[in-house]
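*Asks:* First the structure, which I've put down as structure tokens, then a few questions once you've had a look.
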Amino acid sequence: MTSVAAPEKPRTGRAAPPATRRGPRRYGKALVYLALVAGAVPTLLPFVWLVRSAFMQDAQMFVAPPQWIPSPFQWSNFTEALTAQPFGLYFLNTVIIAVISVLGTVLTCSVAAFSFSRLRWRGRDAVFAVLLSGVMLPYAVTLIPTFAMWQELGALDTYIPLTVPSWFAGAGGGVFNVFLLRQFFLTIPFELDEAAYIDGASPWRVLWTIVMPLSKPAIVVVTIFTFIGTWNDFLGPLLYLNDERKYTLSLGLASFQSIYITQWGYLMAASAAVIAPVIALFFFLQRYFIEGVTLTGIKN
Amino acid sequence: MPPLSGQRRMERRWGLLMAVPAIIGFAVFTAGPMIASFLFSLTDWQIGGTPSFVGLDNYTALAGDGLFWKSLTATTYYTLGAVPLGLIIAFGVAMLLDQKVRGLPVWRTIFYLPTLVPAIANVVLWIWIFNPDFGLLNSVLRQAGLPAGQWIYDESSAVPSLIVMSTWGFGNTMVIFLAGLQGVPRHLYEAVSIDGGGPLRRFWHVTLPMMTPTIFYNLVVGVVGTFQVFNQAYVMTEGGPNQATLFYVYYLFRKAFIESEMGYASALAWVLFMIIMVLTFMMFRNARRWVYYEMAGAR
Numbered sequence: 001m002t003s004v005a006a007p008e009k010p011r012t013g014r015a016a017p018p019a020t021r022r023g024p025r026r027y028g029k030a031l032v033y034l035a036l037v038a039g040a041v042p043t044l045l046p047f048v049w050l051v052r053s054a055f056m057q058d059a060q061m062f063v064a065p066p067q068w069i070p071s072p073f074q075w076s077n078f079t080e081a082l083t084a085q086p087f088g089l090y091f092l093n094t095v096i097i098a099v100i101s102v103l104g105t106v107l108t109c110s111v112a113a114f115s116f117s118r119l120r121w122r123g124r125d126a127v128f129a130v131l132l133s134g135v136m137l138p139y140a141v142t143l144i145p146t147f148a149m150w151q152e153l154g155a156l157d158t159y160i161p162l163t164v165p166s167w168f169a170g171a172g173g174g175v176f177n178v179f180l181l182r183q184f185f186l187t188i189p190f191e192l193d194e195a196a197y198i199d200g201a202s203p204w205r206v207l208w209t210i211v212m213p214l215s216k217p218a219i220v221v222v223t224i225f226t227f228i229g230t231w232n233d234f235l236g237p238l239l240y241l242n243d244e245r246k247y248t249l250s251l252g253l254a255s256f257q258s259i260y261i262t263q264w265g266y267l268m269a270a271s272a273a274v275i276a277p278v279i280a281l282f283f284f285l286q287r288y289f290i291e292g293v294t295l296t297g298i299k300n
Numbered sequence: 001m002p003p004l005s006g007q008r009r010m011e012r013r014w015g016l017l018m019a020v021p022a023i024i025g026f027a028v029f030t031a032g033p034m035i036a037s038f039l040f041s042l043t044d045w046q047i048g049g050t051p052s053f054v055g056l057d058n059y060t061a062l063a064g065d066g067l068f069w070k071s072l073t074a075t076t077y078y079t080l081g082a083v084p085l086g087l088i089i090a091f092g093v094a095m096l097l098d099q100k101v102r103g104l105p106v107w108r109t110i111f112y113l114p115t116l117v118p119a120i121a122n123v124v125l126w127i128w129i130f131n132p133d134f135g136l137l138n139s140v141l142r143q144a145g146l147p148a149g150q151w152i153y154d155e156s157s158a159v160p161s162l163i164v165m166s167t168w169g170f171g172n173t174m175v176i177f178l179a180g181l182q183g184v185p186r187h188l189y190e191a192v193s194i195d196g197g198g199p200l201r202r203f204w205h206v207t208l209p210m211m212t213p214t215i216f217y218n219l220v221v222g223v224v225g226t227f228q229v230f231n232q233a234y235v236m237t238e239g240g241p242n243q244a245t246l247f248y249v250y251y252l253f254r255k256a257f258i259e260s261e262m263g264y265a266s267a268l269a270w271v272l273f274m275i276i277m278v279l280t281f282m283m284f285r286n287a288r289r290w291v292y293y294e295m296a297g298a299r
């Protein structure tokens, strides 16, 4: 950042008397914590409600002043719900789709971002601007022709429509990842590339041995965004998958919901089982994630 | 044109090669479908049949379609409620987390948690929260001696209920605000303090103006995303009660994949595209008046 130092304003001599400074500041801190707690309670309450319902017998769930501690703990909600429909299979299906999509996105978006940030070719910035305009396109606009295309190609009821686009970095909202990685790549000193080229390295080698190892925070952000995106996707699987054996967790949960509409214990147990893996992943990666978002400067 | 050096030539060759997947992706999954969608919108076409050209008939039919207007109103209502409310809450929490608080990672995680809940699990959970007889909301209200509501099961409270639900997942907006807040130069705050300004003045004269680009970014992303709300209408309300939550993309989905009117649905898609373009354009034009860029003209 190159910012010109602002000329210091003349002091107008209205500095607060030092004696009163500590008091209000301490009250201020207390207010901040109070506000945080006030915000955290409604944020966490739905989770508490979910977990408590997941472990409750129906009878206890419908007691008039609501109870918060399940007694007895109804573990069978989980075993019943998760075997009523093959959630294990749905989990596996979702993992397969998510892993293929994350791999494709990270690989092809990095390659494209490298070209758009660290290789000089004519028309580069114009091409990038055109690709980036795709981010603004509402997904509903491309929905019908894309569906028609996959139907034409006989790819309905396969994972092809859900995974192949991520192997073309420019597909749909995926361009945003190219943008993120490009922003990050631009912060790495170009001298590193130059030195490698003098040693006879190819751009491909420079990307994998120099740029990628230095870009871990950005790659983590793209990985998490893409993973959560595919894990949570509902419309895609809804459109393309018919065979129940191929369902993803989202689709499976929606169909489960429509069948067991009044079995709240089962529904909450199934929901909790769908939520848990994402939260576990986040806990594992959260430090990198927040750092990465700050570093990649998403704000611009 | 000066002759290219060896390295320049290599860069050009590799540069084009490495950009190819992205360009193909754009052509096949963005530009192509976009044009095709417009062409489809000029036809009468059922799934499995052959499209027949009908000119602008779909668009004129739209103008007289009560459900189209209904969906537009419902979606606008939802967007006008959910976006500002989400921005204010996310900004407020980000401000709190930007103070030097203890246990920051824990707080950050708490407020980010709802964002991680898969959309469908979220919807199922909220159906249960909104349950008029045994749901969380009415249980809490009854215990506090307040009147209980019908939430998503009443025509007038359905959209407001979904707005309340939408404010639960403000994590991404919050993280972006947080990144923006950390970029506000500290010396500006010190300058206000030296002049004897309190927290309110620091907020009004430093934080808010310096954050306008971030607010603007979140506003645009929020409006474009919220306008395409789908899951809640599909799983929770099926557009009801009495079409109160017939959101635009849900109506489009119904036309295309349930009633199989692909031509008409494509026209809906293009009208949505136009609406979003106009909204974005208006926001950008308006931005000149309130968004502050430090290096004006440099971008």
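Here the protein sequences line up with chains R and Z, keeping their order.
Everything in the first sequence is counted per UniProt numbering, starting at 1 for the first residue and increasing by one.
Everything in the second sequence is counted per UniProt numbering, starting at 1 for the first residue and increasing by one.
We treat Cβ as the ideally placed atom computed from N, Cα and C, and that holds for glycine.
These numbers come from a predicted model, not from an experiment.
1. Establish whether the CB of residue 116 (chain R) and some CB of chain Z are separated by less than 8 Å.
2. Can you round the beta-carbon distance between residue 252 (chain R) and residue 54 (chain R) to whole angstroms, since I take them to be within the 8 Å contact cut?
3. Measure the Cβ-Cβ separation of residue 302 (chain R) and residue 119 (chain R) and say whether it is below 8 Å.
4. Does residue 297 (chain Z) come within less than 8 Å of chain R when only Cβ atoms are used?
5. Does DSSP classify residue 43 (chain Z) as helix, strand or coil?
6. Label residue 111 (chain Z) either buried or exposed according to how many other C-beta atoms from any shown protein chain fall within 10 Å of its C-beta, with 16 as the threshold for buried.
7. What residues from the stretch 209-229 of chain R come within 8 Å of chain Z, judged by C-beta to C-beta, listed N to C?
8. Quick check on DSSP: helix, strand or coil for residue 259 (chain Z)?
9. Residue 52 (chain Z) bridges to which residues according to DSSP?
10. Compute the Euclidean distance between the alpha carbons of residue 11 (chain Z) and residue 114 (chain R), then round it to the nearest angstrom.
11. Measuring only between beta-carbons, confirm whether residue 66 (chain R) sits less than 8 Å from chain Z.
12. Might you give, ordered along the chain, the residues of its own chain that have their beta carbon closer than 8 Å to the beta carbon of residue 108 (chain R), omitting 5 neighbours on each side?
13. Can you pull the chain Z neighbours of residue 178 (chain R), defined as C-beta to C-beta under 9 Å?
14. Would a C-beta distance cut-off of 8 Å place residue 71 (chain Z) and residue 247 (chain Z) closer than the cut-off?
15. Compare the Cα-Cα distances from residue 174 (chain Z) to each of Z:53, Z:137, Z:83, Z:130 and report the closest residue.
16. In its own chain, which residues sit with a C-beta less than 6 Å from the C-beta of residue 57 (chain R), not counting the 5 before and 5 after it?
17. Answer with buried or exposed for residue 108 (chain Z), where buried requires no fewer than 16 other C-beta atoms within 10 angstroms of its C-beta.
18. Against residue 171 (chain R), what residues of chain Z qualify as contacts under a CB-to-CB distance less than 8 Å, listed in chain order?
19. Residue 218 (chain Z) lies in the alpha helix (DSSP H); which residues open and close that run?
20. Does the CB of residue 21 (chain R) have a neighbour CB from chain Z at under 8 Å?
21. Is any beta-carbon of chain Z found at less than 8 Å from that of residue 234 (chain R)?
22. What are the start and end residues of the alpha helix (DSSP H) that includes residue 209 (chain R)?
23. Applying the 10 Å Cβ sphere with the 16-neighbour rule, what's the burial state of residue 21 (chain R)?
24. Using a C-beta cutoff of 8 Å, does residue 12 (chain Z) count as contacting chain R?
*Replies:* Looking at the atomic coordinates:
1. Nearest CB-CB separation between residue 116 (chain R) and chain Z: below the 8 Å threshold.
2. Beta-carbon to beta-carbon, residue 252 (chain R) and residue 54 (chain R) are separated by about 17 Å, too far to satisfy the 8 Å threshold.
3. This structure leaves residue 302 (chain R) out entirely; chain R is present only between 1 and 300.
4. With a pLDDT of 40 at residue 297 (chain Z), under the threshold of 50, the modelled position of that residue is not reliable, and no figure is offered here.
5. In the displayed model, residue 43 (chain Z) falls within a strand according to three-state DSSP.
6. So residue 111 (chain Z) counts as buried.
7. Shown in chain order are the members of the stretch 209-229 of chain R whose Cβ falls below 8 Å from a Cβ of chain Z: 228.
8. Coil.
9. Looking at the DSSP output, residue 52 (chain Z) sits in a beta bridge with Z:44.
10. Approximately 11 Å between the Cα atoms of the pair.
11. By the rule that beta-carbons nearer than 8 Å mark a contact, residue 66 (chain R) touches chain Z.
12. 166, 167, 168, 169, listed in sequence order.
13. For residue 178 (chain R), the neighbours in chain Z by C-beta distance under 9 Å run, in chain order, 22.
14. Yes, the Cβ-Cβ distance between residue 71 (chain Z) and residue 247 (chain Z) is below 8 Å.
15. Of the listed residues, the one whose Cα sits closest to residue 174 (chain Z) is Z:83.
16. Closer than 6 Å at the Cβ level, and outside the excluded window around residue 57 (chain R), lie 74.
17. Counting every other CB atom within 10 Å of its CB across the protein chains shown gives residue 108 (chain Z) a total of 16 or more, marking it as buried.
18. At a beta-carbon threshold of 8 Å, the residues of chain Z lying near residue 171 (chain R) are 25, 26, 28, 29, 30, ordered along the chain.
19. Counting along the chain, residue 218 (chain Z) sits inside the alpha helix (DSSP H) bounded by residues 208-226.
20. Summary for residue 21 (chain R): the model assigns pLDDT 48, below 50, so the residue's position carries little reliability; its value from the coordinates is reported in the next sentence. Closer than 8 Å: no.
21. Among the CB atoms of chain Z, one or more fall inside 8 Å of the CB of residue 234 (chain R).
22. Annotation: residue 209 (chain R) is outside any alpha helix (DSSP H) and is labelled neither H nor E by DSSP.
23. Note on residue 21 (chain R): pLDDT 48, under 50, position unreliable in the model; the coordinate value appears next. Exposed, since its Cβ has fewer than 16 Cβ neighbours within 10 Å.
24. True, the Cβ-Cβ gap to chain R drops below 8 Å.
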